[in-house]
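Colleague:
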Amino acid sequence: MYEEIPRVEFTPAAAALVRRLSETHGPLMFHQSGGCCDGSAPMCYPAGEFRTGGSDVLLAELEIEGLDLPVPFWMSRSQFQAWSHTRLIVDVVPGRGSGFSLEAPEGVRFLIRSRVIEA
80 MYEEIPRVEF
90 TPAAAALVRR
100 LSETHGPLMF
110 HQSGGCCDGS
120 APMCYPAGEF
130 RTGGSDVLLA
140 ELEIEGLDLP
150 VPFWMSRSQF
160 QAWSHTRLIV
170 DVVPGRGSGF
180 SLEAPEGVRF
190 LIRSRVIEA
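In the numbering used here, each residue's number is its place in the sequence shown (first place is 1) plus 79.
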(Lines of atoms letter the chains of each structure in order from A; the text may use other names.)
(Lines give C-alpha, C1' and ligand atoms only; values in the text may rest on other atoms or scores of the structure.)
Protein backbone atom coordinates (compact mmCIF):
# COMPACT_ATOMS: atom_id res chain seq x y z
CA MET A 80 0.00 0.00 0.00
CA TYR A 81 1.27 3.47 -0.95
CA GLU A 82 1.83 5.93 1.89
CA GLU A 83 2.21 9.58 1.09
CA ILE A 84 5.43 11.06 2.45
CA PRO A 85 4.62 14.22 4.43
CA ARG A 86 5.96 17.42 2.89
CA VAL A 87 6.61 18.91 6.33
CA GLU A 88 7.27 17.42 9.74
CA PHE A 89 8.52 18.60 13.13
CA THR A 90 11.32 16.99 15.09
CA PRO A 91 10.34 16.12 18.69
CA ALA A 92 12.31 19.16 19.93
CA ALA A 93 10.55 21.49 17.48
CA ALA A 94 7.13 20.04 18.40
CA ALA A 95 7.88 20.61 22.10
CA LEU A 96 8.79 24.24 21.40
CA VAL A 97 5.62 24.73 19.34
CA ARG A 98 3.57 23.39 22.26
CA ARG A 99 5.31 25.84 24.64
CA LEU A 100 4.82 28.77 22.28
CA SER A 101 1.15 27.94 21.78
CA GLU A 102 0.59 28.06 25.56
CA THR A 103 1.65 31.72 25.47
CA HIS A 104 0.45 32.83 22.02
CA GLY A 105 -2.50 30.57 21.21
CA PRO A 106 -2.90 28.90 17.79
CA LEU A 107 0.19 29.19 15.59
CA MET A 108 1.19 29.14 11.94
CA PHE A 109 4.47 28.89 10.03
CA HIS A 110 5.65 30.55 6.84
CA GLN A 111 8.88 29.44 5.20
CA SER A 112 10.85 32.61 4.61
CA GLY A 113 12.20 33.04 1.10
CA GLY A 114 15.38 34.82 2.01
CA CYS A 115 16.04 38.49 2.68
CA CYS A 116 16.94 39.49 6.23
CA ASP A 117 16.37 36.13 7.92
CA GLY A 118 17.88 33.88 5.29
CA SER A 119 15.60 30.95 4.66
CA ALA A 120 14.20 30.40 8.13
CA PRO A 121 10.81 28.95 9.01
CA MET A 122 8.96 31.77 10.73
CA CYS A 123 6.45 31.06 13.51
CA TYR A 124 3.58 33.51 14.05
CA PRO A 125 0.30 33.61 15.94
CA ALA A 126 -2.27 32.10 13.55
CA GLY A 127 -3.45 34.70 11.04
CA GLU A 128 -0.78 37.28 11.90
CA PHE A 129 1.15 36.63 8.69
CA ARG A 130 -1.09 37.40 5.74
CA THR A 131 -1.06 34.68 3.10
CA GLY A 132 -2.52 35.01 -0.36
CA GLY A 133 -2.54 33.64 -3.88
CA SER A 134 1.24 33.72 -4.04
CA ASP A 135 1.51 31.26 -1.11
CA VAL A 136 1.07 27.47 -0.94
CA LEU A 137 -0.28 25.62 2.11
CA LEU A 138 2.12 22.67 2.38
CA ALA A 139 0.67 21.00 5.45
CA GLU A 140 -1.58 21.31 8.45
CA LEU A 141 0.48 19.57 11.12
CA GLU A 142 -1.14 17.75 14.00
CA ILE A 143 0.93 18.07 17.17
CA GLU A 144 0.07 16.02 20.23
CA GLY A 145 -1.28 18.26 22.96
CA LEU A 146 -2.60 20.97 20.60
CA ASP A 147 -6.28 21.31 19.76
CA LEU A 148 -5.70 22.81 16.31
CA PRO A 149 -3.33 21.80 13.51
CA VAL A 150 -0.43 24.14 12.73
CA PRO A 151 -0.54 25.33 9.11
CA PHE A 152 2.79 25.56 7.25
CA TRP A 153 2.95 27.94 4.27
CA MET A 154 5.56 28.74 1.62
CA SER A 155 5.64 31.21 -1.25
CA ARG A 156 4.58 29.62 -4.55
CA SER A 157 7.84 30.63 -6.28
CA GLN A 158 9.94 29.07 -3.53
CA PHE A 159 7.78 25.93 -3.57
CA GLN A 160 8.65 25.41 -7.24
CA ALA A 161 12.32 25.08 -6.24
CA TRP A 162 11.57 22.89 -3.18
CA SER A 163 8.74 20.79 -4.64
CA HIS A 164 10.71 17.50 -4.45
CA THR A 165 11.82 18.10 -0.88
CA ARG A 166 10.49 17.09 2.51
CA LEU A 167 11.01 19.87 5.05
CA ILE A 168 11.93 18.86 8.58
CA VAL A 169 11.48 21.69 11.08
CA ASP A 170 14.05 21.47 13.86
CA VAL A 171 15.19 23.78 16.64
CA VAL A 172 18.77 24.67 17.61
CA PRO A 173 20.39 27.04 20.10
CA GLY A 174 20.93 30.54 18.80
CA ARG A 175 19.11 33.75 18.12
CA GLY A 176 15.98 33.41 16.02
CA SER A 177 14.43 36.07 13.86
CA GLY A 178 13.10 39.17 15.50
CA PHE A 179 9.75 38.42 13.82
CA SER A 180 9.45 34.74 14.74
CA LEU A 181 7.95 33.82 18.12
CA GLU A 182 10.90 31.71 19.30
CA ALA A 183 13.33 34.67 19.16
CA PRO A 184 13.18 35.44 22.93
CA GLU A 185 13.65 31.74 23.80
CA GLY A 186 17.37 31.66 22.87
CA VAL A 187 16.70 29.12 20.12
CA ARG A 188 15.73 29.25 16.47
CA PHE A 189 13.78 27.08 14.10
CA LEU A 190 15.62 25.83 11.05
CA ILE A 191 14.86 23.57 8.11
CA ARG A 192 16.54 20.28 7.44
CA SER A 193 15.52 18.69 4.16
CA ARG A 194 15.41 15.41 2.33
CA VAL A 195 14.67 14.76 -1.32
CA ILE A 196 11.39 12.93 -1.84
CA GLU A 197 12.06 9.92 -4.00
CA ALA A 198 9.27 8.74 -6.23
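Built from N, CA and C at the ideal position, the CB exists for glycine as well.
Predicted model, so just to flag it, every value in this text is computed and none were measured.
#1: From the DSSP output, read off the bridge partner residues of Trp153.
#2: Might you give, ordered along the chain, the residues of its own chain that have their beta carbon closer than 7 Å to the beta carbon of Gly145, omitting 5 neighbours on each side?
#3: Going by DSSP, what residue range makes up the alpha helix (DSSP H) through Glu44?
#4: So for Phe189, helix, strand or coil by DSSP?
#5: For a test of the three-state rule: what should DSSP assign to Pro208, helix, strand or coil?
#6: Can you give the Cα-Cα distance for Ile196 and Val169, rounded to whole angstroms?
#7: What does a CB cutoff of less than 6 Å around Glu82 pick up in its chain, not counting 5 residues either side in sequence?
#8: Buried or exposed for Ser101, please, with buried defined as at least 16 other CB atoms from any protein chain shown within 10 angstroms of its CB.
Modeller: Answer, in terms of the structure:
#1: His110, Leu137
#2: Arg98
#3: The chain is shown only over 80 to 198; residue 44 falls outside these bounds and no answer can be derived.
#4: strand
#5: Because the chain spans 80 through 198 in this model, residue 208 falls outside it and cannot be assessed.
#6: 16 Å
#7: With a pLDDT of 48 at Glu82, under the threshold of 50, the modelled position of that residue is not reliable, and no figure is offered here.
#8: buried
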